[in-house]
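If you read the sequence shown in the working numbering, its first letter stands for residue 11, the second for the next number, and so on.
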Amino acid sequence: MQIPVKSLCLIISFFFIVITHASGQKIYLDSLNHLLNQEDLAPARRVNILCKLAKANFEQQLPLSFKQANEALKISRTLPDGQGKAMAFATLVHLYVWKKELKNAYASRDSAMYYARKTKDRVTLGFVWFRNGWLDLVNDQNDQAASKLLKAIDYFKGQDAAEYESTAYHYLASIYSYGNNPARQQKYAGLCYQAALSSQQVDQLNNAYFTIGQTYFDRFKQQPAQRNLLDSALTIYKKSLLLAQKQEGRLVLRSNTAAIALNTANIYFQYFPDRYRDSAEQYVNLAIEIATKTNLQEVLLNCYGLKSEYAMRDGHYDEAEKILLSGLNATANEVVSMPLTKARIFQGLSGIAEKKGDAKLALNYLKQYFEFYKKAFNEEKINSITRVEAQYQTAKNEQEIAYLHQEALFAKKRTTFYVLLGIMGIAVLLFLLRAYNFKLKASIRKQELIDKEKTAAELRAQLKEAEAMQLQTEQVLLKERQDRLQKEVLAGTLQIEEKNELLEQLSGKVDAANHLSFDAQMKRILNQQKKMDKDFEAQKTDFFETNPAFFERLQQQANQSLTRLDLKYCAYMLMGLSNKEVSARLGIEPKSVRMSRYRIKQKLGLGKDDDLNVFLQNQS
């Protein structure tokens, strides 16, 4: 009896992990244990090594794997971030699925996702999303699995994690296998191979060969006429088996080798004539050898099923029955229950007994078939309920996390609001203090202005008082000037009288009897007259020197344009001399005096009708 190859390949793909041949596994485990025994090993590094040991031991020593994973979890709780805890819980996801405890697997998945939010390590984040997608793939949720695996690959990019990338591409290819989407299956198989080459690891390359070979085999089943696809699948499978043989000491993964050997044997059984039976038996025996050493019971039962098919083809029903019973006996002490697989084995035994004509034995086998099928059905029902509950709990946890996240954001916004409110309060307080400071300064300045205005008013009062005193002084000076003018007029009158007397004297003194000549007498008289004129001029000069403000005002009125001669004209005019008198004193023509008066009026800005003499009197 042969178990369907599709189920077998899915099982092998799902449990692709570090499984070792005796020597290869010993080398790998010894190296990890050697690192683990180092006293100065960092806690984060110790957690990582324990997780790798848990993956390496899970098939043959599942309890030890749980112990190592829990120890890693215990150490990770002492670390500040969530990297170690996320890695440990993601490792437990795989172990619980292998143990068929889906509820615990989903709980570990949720914990891994929770702690993944507390780390920024991209490899750890990618590994958590990788296990998350793998768990969905185990439960036939391919769409969700694909998106999560692609997200994991995004985290692995550029992080020197080609090993994880290759495995993720392997699972993506398996999602689109068996005719679901050959183009995508081929695409991801190629990417799986490229990443395997980058990783430079024998296990990854062996797994990539398995993925590519499965791609060719699936395409052949969709297009049976293209025999070259089947030949390509066999070539790739044999290349993988040859690699496993040559690199036996370095190869850690052996489950894929067993699956490839079984697939190769199955191809020879289904698609080649009976003369290729030796090749089929060679590969099925290789698969049995590896499956027995690595405790791959699903593979082992399929191998016995294939051998029984050959016996039934030859009509050796007793031998076929014996082979299947040997398979059941070989897996009697299994760690993981396989009710559905055993149900199919008993179904095959029932068919063999029926062909032998033993109805009672066939019925007995059929009863055991129904018993195991019922057990498988109940197990699947429980798993479905557990899966739904786990999904519900996951959704609930995600909602709670979202709520807590929203609450944290609200608290952050509230804190920010309070901080901003405090800043605004401080700003308002500073503004009020600044406004008060400005107001105080304005008040002080206003007081200063009032004081200045008060001082200015006092100065204006003093100025008015000074102006009044100046006016009084000017009045006194004016009175003195008037007195001098009166004296001057008096002096002029006396001078005129003296000149008149002089003329009378001249008329009386000039006679022939005088021994002086006429010219000499005239010179003496003229000299006396000049002396009198000089005295008169001295009196005038005294007047001008004692009244300098008069000339300053005239210059201001004329914008400093009056000449000394102009000032002299003004002085004579102020004295009341006529044009003729001024011309006589200056020895010029009266016409020149009139022209000078006109020019002085223009310089002083007087109009045509303004009287220059009146103006000069007002200015004095």
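Quick reminder that beta carbons are idealized off the backbone N, C-alpha and C, glycines included.
For this session: Would you mind reading off the limits of the alpha helix (DSSP H) that contains Ser289?
Result: 287-304
Exercise. Among Lys77, Thr304, Pro349, Tyr327, which has the Cα closest to the Cα of Glu368?
Worked result: The identity of residue 368 in the sequence shown is Asp, whereas the question assumes Glu. Considering only alpha carbons, the answer is Tyr327.
Exercise. How about Val212 and Ala268: are their beta carbons less than 7 angstroms apart?
Worked result: no
Exercise. For Ala79, does the count of other Cβ atoms within 10 angstroms reach 16, so buried, or fall short, so exposed?
Worked result: buried
Problem set entry | DSSP three-state assignment for Arg260, whether helix, strand or coil | coil
Problem set entry | Beta-carbon proximity of Leu244 to Arg229, cut-off 7 angstroms | no
Problem set entry | Ser360: first and last residue of the uninterrupted alpha helix (DSSP H) it sits in | 349-366
For this session: Kindly indicate which residue of Lys590, Leu616, Gly615, Lys613 has the alpha-carbon position closest to the one of Arg604.
Result: Lys590
For this session: Kindly indicate the opening and closing residues of the alpha helix (DSSP H) around Lys109.
Result: Segment: none, Lys109 is in no alpha helix (DSSP H) and carries neither H nor E.
Exercise. Given that a residue counts as buried once 16 or more other Cβ atoms are within 10 Å of its Cβ, and exposed if not, what is Asp620?
Worked result: exposed
Problem set entry | Reference Leu251; option with closest CA among Ala235, Pro192, Ala275 | Ala275
Problem set entry | Where Gln566 falls: helix, strand or coil (DSSP) | helix
Problem set entry | Length of the line joining the Cα atoms of Ile59 and Leu45 | 8 angstroms
For this session: Could you spell out the range, first to last residue, of the alpha helix (DSSP H) harbouring Lys231?
Result: 212-232
Exercise. Tell me which same chain residues have a C-beta within less than 7 angstroms of the C-beta of Ala330, skipping the five on either side of it?
Worked result: Ser318, Ala321, Met322, Ile362
For this session: Determine, using beta carbons only, whether Tyr125 and Lys95 come nearer to each other than 7 angstroms.
Result: yes
Exercise. Does DSSP put Tyr1 in a helix, a strand or coil?
Worked result: Any property of residue 1 remains undetermined from this structure, which presents the chain solely from 11 to 630.
Exercise. Measuring CA to CA, which of Phe441, Phe140, Gln567, Asp284 is closest to Lys158?
Worked result: Phe140
Exercise. What is the DSSP secondary structure of Pro283, reduced to helix, strand or coil?
Worked result: coil
Exercise. Can you tell which of Ala218, Ile246, Ser208, Phe380 has its C-alpha closest to the C-alpha of Ala172?
Worked result: Ser208
Exercise. How is the alpha helix (DSSP H) around Lys578 delimited, first residue to last?
Worked result: 574-584
Problem set entry | 7 angstroms Cβ cutoff met for Ala122 and Ala100 | yes
Exercise. Taking the continuous alpha helix (DSSP H) assigned at Leu145, which residues delimit it?
Worked result: 132-148
Exercise. Secondary structure at Ala171, three-state DSSP: helix, strand or coil?
Worked result: coil
Exercise. In chain order, what residues of the same chain have a beta carbon less than 6 angstroms from the beta carbon of Ala199, not counting five sequence neighbours either side?
Worked result: Ala183, Thr221, Ile222, Thr225
Exercise. Which value, in whole angstroms, describes the spacing of the CA atoms of Gln196 and Tyr247?
Worked result: 16 angstroms
For this session: Let me know if Ala471 comes out buried or exposed under the rule of 16 or more other beta-carbons within 10 Å of its beta-carbon.
Result: exposed
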